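Notes follow the structure.
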Amino acid sequence: MLYTLPTSILLFLTGAYALPQWGHGYGGSGGGSQPPCSAAVVALATGIHLNIQGQYAEYNGTVHVINIETASPVNQTAFYIAKGELLSDIQAGMNIRQFNQEIAPAGNAALPGLAKYQAAQQTEQGLAMGLTGVLGQDQSALSSLKSDIMAGIKLNENNLQSAVQGCELGLVFPDPDQSG
Numbered sequence: 451m452l453y454t455l456p457t458s459i460l461l462f463l464t465g466a467y468a469l470p471q472w473g474h475g476y477g478g479s480g481g482g483s484q485p486p487c488s489a490a491v492v493a494l495a496t497g498i499h500l501n502i503q504g505q506y507a508e509y510n511g512t513v514h515v516i517n518i519e520t521a522s523p524v525n526q527t528a529f530y531i532a533k534g535e536l537l538s539d540i541q542a543g544m545n546i547r548q549f550n551q552e553i554a555p556a557g558n559a560a561l562p563g564l565a566k567y568q569a570a571q572q573t574e575q576g577l578a579m580g581l582t583g584v585l586g587q588d589q590s591a592l593s594s595l596k597s598d599i600m601a602g603i604k605l606n607e608n609n610l611q612s613a614v615q616g617c618e619l620g621l622v623f624p625d626p627d628q629s630g
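Heads up: the sequence shown at position 112 corresponds to 562 in our numbering, and the numbers run straight through without jumps.
Structure, rendered in structure tokens:
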């Protein structure tokens, strides 16, 4: 069963929903030498992880648009559906990032990186909105989207590290890489 972000965070924080213990660990040395992260920091880290997962969906959506545009002839219906899905994925990521900024504890080290990510998302959204379905016109934008999304993933991986500075996260996230 899939839950919305606020529901997932609420279930996680109340202990009714646990993340699997495999994948990427963030925060602390793993030896319990730092205090546990607060519930607010755990929620922020979870939200950033969800953003990273969403960025892989954006990347896959961009690749899907490229595949459609390289076909001959281009199926315009498939293009507009794929473009809509890509824009939807970008908007979902923007919503999660905004939520993360709202729940971040004051002064959290991830806040500057989240602001950078906000600007990057606006650029990605503009590039995706401008797609025409004609490879010759879209090639530069599609190439930029792919590289911008990968740079955004790296930025959010750093944001996740920054979010949990000085505390032990106490959980391990599943691998978000769903590209390919």
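Where a beta carbon is used, it is the ideal one built from N, C-alpha and C, also for glycine. Remember, it's a predicted structure, so these values are computed and weren't measured experimentally.
Using a threshold of 9 Å, state whether the C-beta atoms of Lys-533 and Leu-581 are closer than that.
Cβ distance < 9 Å, so Lys-533 and Leu-581 count as in contact.
Touching or not, the stretch 548 to 567 and the stretch 516 to 534, by the rule of three or more beta carbon pairs under 8 Å?
Judged by Cβ distances under 8 Å, the stretch 548 to 567 makes no contact with the stretch 516 to 534, as fewer than three pairs qualify.
So Leu-619 packs on Ala-495, CB below 8 Å; how close in whole Å?
Sure, about 6 Å apart at Cβ, within 8 Å.
So Leu-577 packs on Ile-546, CB below 8 Å; how close in whole Å?
Not really, about 19 Å apart at Cβ, beyond 8 Å.
Taking all protein chains shown into account, decide if Val-584 is buried (16 or more other Cβ within 10 angstroms of its Cβ) or exposed.
Looking at its Cβ environment, which holds fewer than 16 other Cβ atoms inside 10 Å, Val-584 is exposed.
What did DSSP end up calling Pro-626 once you bin it into helix, strand or coil?
Pro-626: coil per DSSP, three-state reduction.
Let me check one thing: in DSSP terms, what residues is Glu-618 bridge-paired to?
Glu-618 is bridged to Pro-486.
How about the stretch 506 to 520 and the stretch 563 to 570: do they share at least three Cβ pairs that are nearer than 8 Å?
No, the stretch 506 to 520 is not in contact with the stretch 563 to 570.
Just confirm the distance between the C-beta atoms of Ala-490 and Ile-553, as a whole number of angstroms; I'd bet it's less than 8 Å.
Their Cβ separation, rounded to whole angstroms, is 6 Å, which keeps Ala-490 and Ile-553 in contact under 8 Å.
Quick check: Glu-574 and Ile-603, are their CB atoms within less than 9 Å of each other?
Not a contact, by the Cβ cut-off of 9 Å.
Going along the chain, which residues of its own chain have a beta-carbon closer than 6 Å to the beta-carbon of Ala-507, five neighbours each way excluded?
Asp-539.
So what's Pro-562 in DSSP terms, helix, strand or just coil?
The answer is helix: DSSP assigns Pro-562 an H, G or I state.
Around the Cβ of Ala-569, are there at least 16 other Cβ atoms within 10 angstroms (buried) or fewer (exposed)?
Ala-569 is exposed by the Cβ-count criterion.
Fully enclosed by the stretch 510 to 553, which alpha helix (DSSP H) runs are 4 residues long or longer?
DSSP runs (the alpha helix (DSSP H)) wholly in the stretch 510 to 553: 526 to 553.
Relative to the alpha-carbon of Ser-483, which residue among Pro-624, Asp-625, Gln-551 and Gln-615 has its alpha-carbon at the smallest distance?
Checked all of Pro-624, Asp-625, Gln-551 and Gln-615; the closest Cα to Ser-483 is Gln-615.
Under 7 Å Cβ to Cβ from Ser-479, same chain only, skipping five residues before and after it: list those, please.
Confidence at Ser-479 is low in this model, with a pLDDT of 44, below 50, so the placement of that residue should be treated as unreliable; the coordinate-derived value is given next. Once the five neighbours on either side are set aside, Ser-479 has no close Cβ partner at all.
Can you find the residues in the same chain that come closer than 6 Å, C-beta to C-beta, to Gln-505, ignoring five residues on each side of it along the sequence?
Answer for Gln-505: Ile-599, Gly-602 and Ile-603, listed in chain order.
Among residues of its own chain, excluding the 5 on either side of Gln-471, which ones have a beta-carbon nearer than 8 Å to its beta-carbon?
Bear in mind that the predicted position of Gln-471 carries a pLDDT of just 36, short of 50, making it unreliable; the figure below should be weighed with that in mind. The residues are Leu-621 and Val-622.
Roughly how many angstroms separate the alpha carbons of Gly-497 and Gly-511, rounded to a whole number?
Looking at the two C-alpha atoms, the distance is approximately 21 Å.
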